[in-house]
Amino acid sequence: MTSHDPSSTFTSRMGVVDSQDAESVDDGLVRPINWNVLTAAEAENEWLDLNAWVHWLRFAYGLPVAIIPPLWHRHNALVLELSALHRAWLASVDPDGPPGGQLQWHEQFTNSRHRLREWVQLAGTKLDRDRPTRITTWPGDEPQPPAIEAEITDREADFYSFVALDLAARRSVEERVARRRALHST
Numbered sequence: 125m126t127s128h129d130p131s132s133t134f135t136s137r138m139g140v141v142d143s144q145d146a147e148s149v150d151d152g153l154v155r156p157i158n159w160n161v162l163t164a165a166e167a168e169n170e171w172l173d174l175n176a177w178v179h180w181l182r183f184a185y186g187l188p189v190a191i192i193p194p195l196w197h198r199h200n201a202l203v204l205e206l207s208a209l210h211r212a213w214l215a216s217v218d219p220d221g222p223p224g225g226q227l228q229w230h231e232q233f234t235n236s237r238h239r240l241r242e243w244v245q246l247a248g249t250k251l252d253r254d255r256p257t258r259i260t261t262w263p264g265d266e267p268q269p270p271a272i273e274a275e276i277t278d279r280e281a282d283f284y285s286f287v288a289l290d291l292a293a294r295r296s297v298e299e300r301v302a303r304r305r306a307l308h309s310t
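Each residue of the sequence shown is one higher than the one before, starting from 125 at the first, in my numbering.
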């Protein structure tokens, strides 16, 4: 183990992997995550758990920036891939899972690393600089604003700021839905 023990952060955040995970149900199975429908409270747990796991993963496997860049959280393709990989890992370490679960996960991990490398390259994110993922404008679409590269000065601060904005947006949607329901119930 290196002098920095990322597993301590991961285990303190995750605790023992068990059926109390946010997306688990009483049957104890790990469920996939649909980030589009998470409430603010659910998203907060998922963001923090995923961030802790990604830190653990990059240290445990010595992954380069070409696979997991510092601002992975700002790129949907990376979030979705890492989230799916995390959920598969949780299932692979389930004590009630199949004996070959970890081997299957490593096969998935191999494929995932290839996709992550491609998406990091497409996103244009690097160790010290990041830009929004470029979106191709289709005929009839509004032109996208230029993707301006910015210096990365504090990865952790950026993560927590990004999550705070995401949670605020989710709370805003929840409040609008609650107001609509209240209007329709009267």
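C-beta: ideal position from N, C-alpha, C; glycine also.
Separation of residue j from residue i, as counted between CA atoms
{"i": "L162", "j": "E205", "result": "17 Å"}
{"i": "R334", "j": "A165", "result": "Past the edges of the chain, shown from 125 to 310, lies residue 334, and the structure says nothing about it."}
{"i": "R279", "j": "L240", "result": "19 Å"}
{"i": "T257", "j": "P194", "result": "14 Å"}
{"i": "V297", "j": "W262", "result": "28 Å"}
{"i": "A288", "j": "V301", "result": "20 Å"}
{"i": "V203", "j": "G224", "result": "26 Å"}
{"i": "E266", "j": "L291", "result": "27 Å"}
{"i": "E231", "j": "S309", "result": "51 Å"}
{"i": "W180", "j": "L307", "result": "46 Å"}
{"i": "V149", "j": "P156", "result": "Legend: pLDDT at V149 = 47, less than 50; position of this residue unreliable, no value from coordinates given."}
{"i": "A293", "j": "G221", "result": "37 Å"}
{"i": "N169", "j": "F286", "result": "14 Å"}
{"i": "N160", "j": "A167", "result": "10 Å"}
{"i": "A281", "j": "F233", "result": "28 Å"}
{"i": "R295", "j": "R303", "result": "12 Å"}
{"i": "D218", "j": "G264", "result": "48 Å"}
{"i": "G186", "j": "H238", "result": "15 Å"}
{"i": "E242", "j": "N158", "result": "22 Å"}
{"i": "E299", "j": "A274", "result": "33 Å"}
{"i": "P188", "j": "R182", "result": "8 Å"}
Inter-residue CB distance, residue i and residue j (contact presumed, cutoff 8 Å)
{"i": "H210", "j": "W171", "result": "The pair is not a contact, with the Cβ atoms about 11 Å apart (cut-off 8 Å)."}
{"i": "A212", "j": "W229", "result": "6 Å"}
Beta-carbon spacing of residue i, residue j below 7 Å
{"i": "A271", "j": "R255", "result": "yes"}
{"i": "L214", "j": "V154", "result": "yes"}
{"i": "Q226", "j": "S236", "result": "no"}
{"i": "T244", "j": "A190", "result": "Sequence check: residue 244 is Val here, not Thr. Their beta carbons are under 7 Å apart, which means V244 touches A190 by this criterion."}
{"i": "I259", "j": "Q268", "result": "yes"}
{"i": "H199", "j": "F283", "result": "no"}
{"i": "L246", "j": "S207", "result": "no"}
Can you give, in chain order, each stretch of the alpha helix (DSSP H) that sits fully within the stretch 184-253 and has at least 4 residues? 200-216 and 225-247
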